[in-house]
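A.B. asks: Mapping to this note's numbering: the sequence shown position 112 is 112, numbers consecutive.
Ideal Cβ positions, reconstructed from N, Cα and C, are used throughout, including at glycine.
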Amino acid sequence: MVRCPECNNAYSQKPALEKNHKLSNIVEKFNALNIEKAPAVLHCILCRRGPPMPAQKVCLRCKAPCCQSHVQTHLQQPSSNAGHLLVEASEARAWSCPLHHEYRLYHCEAEHAAVCHYCCVARCAPHHGHAVCDVEMRRSDIRQTLMKQQDRIEDRVQDIEEQLYKLESDKCLVEEKVQHLKEEVQLQYQKMQQLLEEDLGKTLEVLDQAHTKFCQENSTQVLQLNQKRQEAKKLLSSIQMVSDKTEDIKFMRNTKAAKILMDRSQSYIGNTLPSYKVGSLNSKLFLSEISKREKNLCKMLE
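Structure, rendered in structure tokens:
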């Protein structure tokens with residue numbers, strides 16, 4: 001014996017099952033609530049011959065869709081606003097304000113994002129203390145700022161390279177002078193080698209210490225400049241990457257990262273490079289002291 005879970009009737013044998021219309025209606029209503037409407041396909045309003053083609057671009061200012069072949073035609077039409085602003089048709093929905101369903105044609109500096117006209121009035125009006133301007137104008141300003149900072153950082157990298165070259169040249173020159181001075185000192189000490197072997201060792205040690213000190217100072221400066229160069233190249237790479245993104249208008253949806261990068265770049269550019277120290281070695285004075293010792297020794301040995 002089996003019982004129906006719906007009506008609780010008892011059957012000696014399993015009956016033939018029929019469609020449960022009540023449950024079917026519930027399922028259909030549930031499915032209808034969860035079906036998302038497909039976005040409407042936009043068609044070009046400039047196509048005059050034949051059926052209009054699917055739109056490839058949408059002008060955010062004119063709210064006019066156009067196909068790829070009519071992009072230039074649309075751009076040549078007069079605009080009562082600040083010029084045409086075309087985006088991909090697939091991106092038009094992303095430019096629509098979810099609250100007011102208007103295109104976001106303004107950029108709020110406080111929010112670092114594009115906003116619609118109604119959002120400007122509600123949240124970004126002057127009495128709110130927010131600076132607002134046209135999104136395309138702001139994109140142009142950001143792009144120009146990034147390009148200027150890129151040029152200045154490239155100049156900074158070149159300055160660092162030049163200083164590194166000068167430091168390396170100075171290091172080689174000092175090493176040559178030290179080597180030449182050692183040879184002259186050895187020639188003088190050969191005359192009194194038997195009596196001055198200990199003094200010779202001490203004198204060469206002084207020169208080596210001076211050379212070591214110079215190398216340490218030189219290496220420290222090279223290390224500091226290499227760090228500056230690495231930092232500049234890293235910052236330059238970030239600016240180049242963000243600058244490339246500004247080619248696409250959708251970059252203006254969120255410019256917070258660009259603002260942070262420009263602040264970092266401006267802070268870096270504002271710092272001057274440390275002046276490098278040139279090594280010096282007064283060989284004449286050093287040799288003069290050795291000559292005095294030789295004369296004193298000669299007098300003592302006479």
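Grouping DSSP H, G and I as helix and E and B as strand, with all else coil, what is Lys284?
C.D. replies: Residue numbering aside, residue 284 sits at position 284 when the sequence shown is read from its first letter. Correct three-state label for Lys284: helix.
A.B. asks: Taking the alpha-carbon positions, what's the Ile35 to Cys108 distance?
C.D. replies: Here residue 35 refers to the residue found at position 35 when the sequence shown is read from its first residue. Here residue 108 refers to the residue found at position 108 when the sequence shown is read from its first residue. Caution applies to Ile35, whose pLDDT of 48 falls short of 50 and renders its modelled position unreliable; the value that the coordinates give is listed next. Each residue's Cα considered, the two are about 36 Å apart.
A.B. asks: Would you please state the rounded distance, in angstroms, between the beta carbons of Lys57 and Glu102? I believe it to be under 8 Å.
C.D. replies: In the sequence shown, residue 57 corresponds to position 57, counting from 1. In the sequence shown, residue 102 corresponds to position 102, counting from 1. In fact, because the Cβ distance is near 19 Å, the residues do not count as touching under 8 Å.
A.B. asks: Per DSSP, what kind of secondary structure is His70 in: helix, strand or coil?
C.D. replies: Here residue 70 refers to the residue found at position 70 of the sequence shown. Helix, per DSSP.
A.B. asks: Would you report the Cα separation of Pro52 and His43, rounded to the nearest angstrom?
C.D. replies: Reading the sequence shown from its first residue, position 52 is the one you call residue 52. Reading the sequence shown from its first residue, position 43 is the one you call residue 43. Going by the C-alpha atoms only, they are around 6 Å apart.
A.B. asks: Assuming Lys171 and Asn218 are in contact, meaning their beta carbons sit under 8 Å apart, how far apart are those beta carbons, in whole angstroms?
C.D. replies: Here the question's residue 171 lines up with position 171 in the sequence shown. Here the question's residue 218 lines up with position 218 in the sequence shown. Yes, they are in contact, since the Cβ atoms of Lys171 and Asn218 sit about 5 Å apart, within 8 Å.
A.B. asks: Would Cys298 be called buried (16 or more neighbouring beta carbons within 10 Å of its own) or exposed?
C.D. replies: On the sequence shown, position 298 is the one that residue 298 refers to. The residue in question, Cys298, is exposed, as its Cβ has fewer than 16 Cβ neighbours within 10 Å.
A.B. asks: Comparing C-alpha positions only, which one of Thr255, Ala64, Cys59, Leu281 sits nearest to Ala210?
C.D. replies: On the sequence shown, position 210 is the one that residue 210 refers to. Among Thr255, Ala64, Cys59, Leu281, the Cα nearest to that of Ala210 belongs to Leu281.
A.B. asks: So does the segment 110-119 actually touch the segment 225-245, counting three or more Cβ pairs closer than 8 Å?
C.D. replies: The segment 110-119 vs the segment 225-245: no contact.
A.B. asks: My guess is that Cys59 and Leu86 are in contact by the Cβ rule of under 8 Å, so how many angstroms apart are they, rounded?
C.D. replies: Numbered from its first residue, the sequence shown carries residue 59 at position 59. Numbered from its first residue, the sequence shown carries residue 86 at position 86. Their Cβ separation, rounded to whole angstroms, is 5 Å, which keeps Cys59 and Leu86 in contact under 8 Å.
A.B. asks: What number of angstroms, rounded off, separates the C-alpha of Val41 from the C-alpha of Lys148?
C.D. replies: By one-based count along the sequence shown, residue 41 stands at place 41. By one-based count along the sequence shown, residue 148 stands at place 148. Those two C-alpha atoms are separated by around 42 Å.
A.B. asks: Sorted by chain position, which residues of the same chain lie with C-beta nearer than 6 Å to Leu164's C-beta, five sequence neighbours on each side aside?
C.D. replies: Numbered from its first residue, the sequence shown carries residue 164 at position 164. Taken in chain order, the residues that qualify are Leu225.
A.B. asks: When DSSP labels each residue in this structure, what does Ala82 get in the three-state scheme?
C.D. replies: Residue mapping note: residue 82 aligns to position 82 of the sequence shown, counting from 1. Coil.
A.B. asks: From Leu235 to Ser96, what does the alpha carbon distance come to, in whole angstroms?
C.D. replies: Stepping through the sequence shown from its first residue, residue 235 is reached at position 235. Stepping through the sequence shown from its first residue, residue 96 is reached at position 96. Computed Cα separation, rounded: 33 Å.
A.B. asks: Less than 6 Å between C-beta atoms, sequence neighbours within five positions excluded: which residues of the same chain meet that for His70?
C.D. replies: What you label residue 70 is simply residue 70 of the sequence shown in a count that begins at 1. Cβ within range, chain order: Cys44, Leu46.
A.B. asks: Leaving out the 5 sequence neighbours to the left and right, which residues in its chain are closer than 6 Å to Leu200 when beta-carbon positions are compared?
C.D. replies: As a first step, residue 200 is located in the sequence shown; it is residue number 200 there, counting from the start. These residues qualify, in order along the chain: Tyr189.
A.B. asks: Indicate whether the contact test is met: 3 or more Cβ pairs, each with one atom in the segment 248-262 and one in the segment 135-149, closer than 8 Å.
C.D. replies: Segments in contact, yes.
A.B. asks: Report the option in Gly270, Val222, Lys191, Gln186 whose CA atom is closest to the CA atom of Glu205.
C.D. replies: Stepping through the sequence shown from its first residue, residue 205 is reached at position 205. The option with the nearest alpha carbon to Glu205 is Gln186.
A.B. asks: Determine the burial state of Leu105: buried for a count of at least 16 other Cβ atoms within 10 Å of its Cβ, exposed for fewer.
C.D. replies: Within the sequence shown, residue 105 is the residue found at index 105, counting from 1. Under this definition Leu105 is a buried residue.
A.B. asks: Among Lys182, Thr220, Lys191, Ala232, which has the Cα closest to the Cα of Asp208?
C.D. replies: In the sequence shown, counting from the first residue as 1, residue 208 sits at position 208. Minimum Cα distance to Asp208 is reached at Lys182.
A.B. asks: What whole-angstrom Cβ distance do Val157 and Ala232 have, given they're in contact under 8 Å?
C.D. replies: Looking up residue 157 in the sequence shown gives position 157. Looking up residue 232 in the sequence shown gives position 232. Contact holds; Cβ gap of about 5 Å.
A.B. asks: Let me check one thing: in DSSP terms, what residues is Asp170 bridge-paired to?
C.D. replies: Taking the sequence shown and counting its residues from 1, the one referred to as residue 170 is at position 170. Its beta-bridge partners do not exist; DSSP assigns none.
A.B. asks: Rounded to the nearest angstrom, how far is the Cβ of Val242 from that of Phe214, given a contact under 8 Å?
C.D. replies: Here residue 242 refers to the residue found at position 242 when the sequence shown is read from its first residue. Here residue 214 refers to the residue found at position 214 when the sequence shown is read from its first residue. Not confirmed; about 42 Å, so no contact.
A.B. asks: Note down, in chain order, each residue of its chain lying with its Cβ closer than 7 Å to the Cβ of Ser238, except the 5 sequence neighbours on either side.
C.D. replies: Reading the sequence shown from its first residue, position 238 is the one you call residue 238. Leu261.
A.B. asks: Excluding the five sequence neighbours on either side, which residues of its own chain have a C-beta within less than 7 Å of the C-beta of Leu256, listed in chain order?
C.D. replies: Counted from its first residue, the sequence shown places residue 256 at position 256. Going by the sequence as given, residue 256 is Lys instead of Leu. Correct list, in chain order: His112.
A.B. asks: Spatial neighbours of Ala82 within its chain, please: CB distance less than 8 Å, with the 5 preceding and 5 following residues excluded, ordered by chain position.
C.D. replies: On the sequence shown, residue 82 is found 82 positions in, with the first residue counted as 1. Arg61, Asp134, Glu136, Met137, listed in sequence order.
A.B. asks: Report buried or exposed for Thr305, applying the criterion of at least 16 other Cβ atoms within 10 angstroms of its Cβ.
C.D. replies: In the structure as shown, the chain begins at 1 and stops at 302. Residue 305 is therefore absent and cannot be evaluated.
A.B. asks: By a C-beta neighbour count over all protein chains shown, 10 Å radius and 16 as the cutoff for buried, is Ala64 buried or exposed?
C.D. replies: On the sequence shown, residue 64 is found 64 positions in, with the first residue counted as 1. The residue in question, Ala64, is buried, as its Cβ has 16 or more Cβ neighbours within 10 Å.
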